[in-house]
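Numbering (the numbering used here), first residue to last: 2 to 473.
For each residue, glycine too, the CB sits at the ideal point set by N, CA and C.
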Ligand SMILES: [Zn+2]
Ligand SMILES: [Zn+2]
């Protein structure tokens, strides 16, 4: 016998591979275990962790998914392969986007297997992806779902991505005070395409333990410089070709909409064609165009494609590469490492009349990072070929889907009764810097960072103890 408590533990040391495990212990000695996200490790130094599941998937009562990004969902089929067969709760929007994402993730796994052989054997197969689909349980925002005898969940809108949510978990047991847990997932307070409903007052008044991301926990919104429009317009109007590597979901559509506004304001001639390359980017664009209500897209943004827009496929790519006229090409992947960017970057990097504009975060092992950090005129290796860097190259964080430090603090301040704040999903430095700010700027009773095999035990009143042990 004991008090009602919950043990929380994360398996991701930094940004990718997001997965949090919660083990609830009831006074009668019974336990319920569940997970929040189960993502793929994409940072090169952590990819070996993809093969490991440090708990028994069969013991999980259910899974919760915050959003469709691969670093939050990419290992769900592996969990299913290893015995998980319960419901996976997610929003209706994420439900539409998760299958293309998982299929793409499976494709990348197979490509890595071909490239590296046994060492990088794909951790699941297509059948596991299909079985994962059968477990998906789409739910509405702000609807209370009883997922277990003692556990209720509710999804809230989140500006990070189409379909993204923050999740409230309420654990009740007769004769005990409730434990309330709140998972921000990746968080943004706004989105270009939809209005983010504010959290209801009854939620922000709950005594609560919050698990919050910190990707840009050490960056301020005012640090962001808006350069994409200026750079793009001046280059395109000078007759240059622009390559803009984008993430397939969010950034790709934002870029297209931005170009449409330049056209409608007369700043960009509609004679200059705008292209999108990348199968997943194209699939996602169509899902969004077909389901504006599910994604709550603003009325005037539902038709976000610019004029003179074309999709690039394997047939048209050759003609486009030969064409000398100015054009704007949005291409996946966002960091330049995968997708058609592997064709466009070596083609245009040597050209003086080209501009390459990365539109988001570049991790240290990415092609984009390498390009950004190579001095002008020097060479970069692409599949063994030495390619000189002559094009203008930029990177902007103005389209980031992650809230900066000030917006993260603002979210925390909304909660009037913070029992504990646990920081995750950031580089080690960002997590530490942000934790210090949370202590300084908010009235959280306790602030923690997930570290190694550390787990936090919390109850209704917040932090109970920190245990350095294997998850049990
Ligand atoms: Zn994300
Ligand atoms: Zn993430």
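Assuming residue i contacts residue j under a Cβ cut-off of 8 Å, what Cβ separation, rounded to an integer in Å, is found between them?
i	j	result
residue 243	residue 236	6 Å
residue 312	residue 361	Wrong, their Cβ atoms sit about 21 Å apart, outside the cutoff.
residue 219	residue 186	No, residue 219 and residue 186 are not in contact; Cβ-Cβ is about 19 Å, not under 8 Å.
residue 209	residue 232	Between residue 232 and residue 209 the Cβ distance is about 43 Å, and since that is not below 8 Å, they are no contact.
residue 327	residue 391	Not a contact, Cβ separation roughly 17 Å.
residue 279	residue 201	Not a contact, Cβ separation roughly 38 Å.
residue 491	residue 65	Outside the displayed range of the chain (2 to 473) lies residue 491, so it cannot be described from this structure.
residue 102	residue 74	6 Å
residue 32	residue 24	6 Å
residue 300	residue 194	The pair is not a contact, with the Cβ atoms about 11 Å apart (cut-off 8 Å).
residue 207	residue 384	Incorrect: roughly 54 Å between the Cβ atoms, too far for contact.
residue 356	residue 241	5 Å
residue 464	residue 421	5 Å
residue 424	residue 222	Contact flag wrong, Cβ pair sits at about 19 Å.
residue 104	residue 130	6 Å
residue 446	residue 458	With 8 Å as the limit, residue 446 and residue 458 do not qualify as a contact, their Cβ atoms being about 15 Å apart.
Any heavy atom of ligand 3 closer than 6 Å to the beta-carbon of residue i?
i	result
residue 72	Of the ligands one can find in the structure shown, namely ligand 1 and ligand 2, none is ligand 3.
With a threshold of 6 Å, establish whether the CB of residue i neighbours any heavy atom of ligand 1.
i	result
residue 304	no
Under the criterion of a Cβ to heavy atom distance below 6 Å, does residue i qualify as lining ligand 2?
i	result
residue 187	yes
From the options, pick the residue whose C-alpha is nearest to that of residue i; which is it?
i	options	result
residue 376	389, 78, 401 and 249	389
residue 455	150, 12, 42 and 433	12
residue 289	329, 162 and 328	162
residue 1	258, 45, 266 and 14	With the chain covering 2 to 473 only, the question about residue 1 has no answer from this structure.
residue 83	100, 61 and 66	61
residue 444	257, 433, 415 and 316	415
residue 21	6, 29 and 38	38
residue 283	308, 153, 248 and 259	248
residue 154	306, 448 and 172	172
residue 368	259, 91, 396 and 353	396
residue 402	251, 166 and 453	251
residue 188	426, 436 and 338	426
residue 57	117, 86, 217 and 45	86
residue 53	27, 105, 122 and 217	122
residue 275	292, 435 and 257	257
residue 469	303, 435 and 10	10
residue 394	106, 44, 408 and 374	374
residue 387	358, 353, 398 and 348	348
residue 135	167, 115 and 91	91
residue 315	345, 238 and 4	345
residue 213	292, 432 and 44	432
residue 228	191, 398, 30 and 310	398
residue 322	47, 343 and 405	343
residue 93	127, 165, 7 and 281	165
residue 238	255, 226 and 270	270
residue 29	317, 177 and 267	177
residue 179	254, 151 and 412	151
residue 404	217, 262, 72 and 382	217
residue 137	119, 97 and 126	97
residue 55	453, 460, 462 and 461	453
Give the range of the alpha helix (DSSP H) segment to which residue i is assigned.
i	result
residue 50	Careful: residue 50 lies outside any alpha helix (DSSP H) and carries neither H nor E.
residue 421	First-last for residue 421: 419–425, but that is the beta strand (DSSP E), not the alpha helix (DSSP H).
residue 106	93–117
residue 25	Segment 20–26 is the beta strand (DSSP E) holding residue 25; no alpha helix (DSSP H) there.
residue 245	Where residue 245 is concerned, there is no enclosing alpha helix (DSSP H), although the beta strand (DSSP E) it sits in stretches over 242–246.
residue 282	280–291
residue 136	127–136
residue 73	71–74
residue 256	252–265
residue 345	342–349
Can you tell me where the beta strand (DSSP E) holding residue i begins and where it ends?
i	result
residue 191	Neither: residue 191 is in no beta strand (DSSP E) and is coded neither H nor E.
residue 210	209–214
residue 44	Run containing residue 44: none; DSSP gives neither H nor E here.
residue 467	463–469
residue 147	146–149
residue 389	386–389
residue 5	No beta strand (DSSP E) holds residue 5; DSSP gives it neither H nor E.
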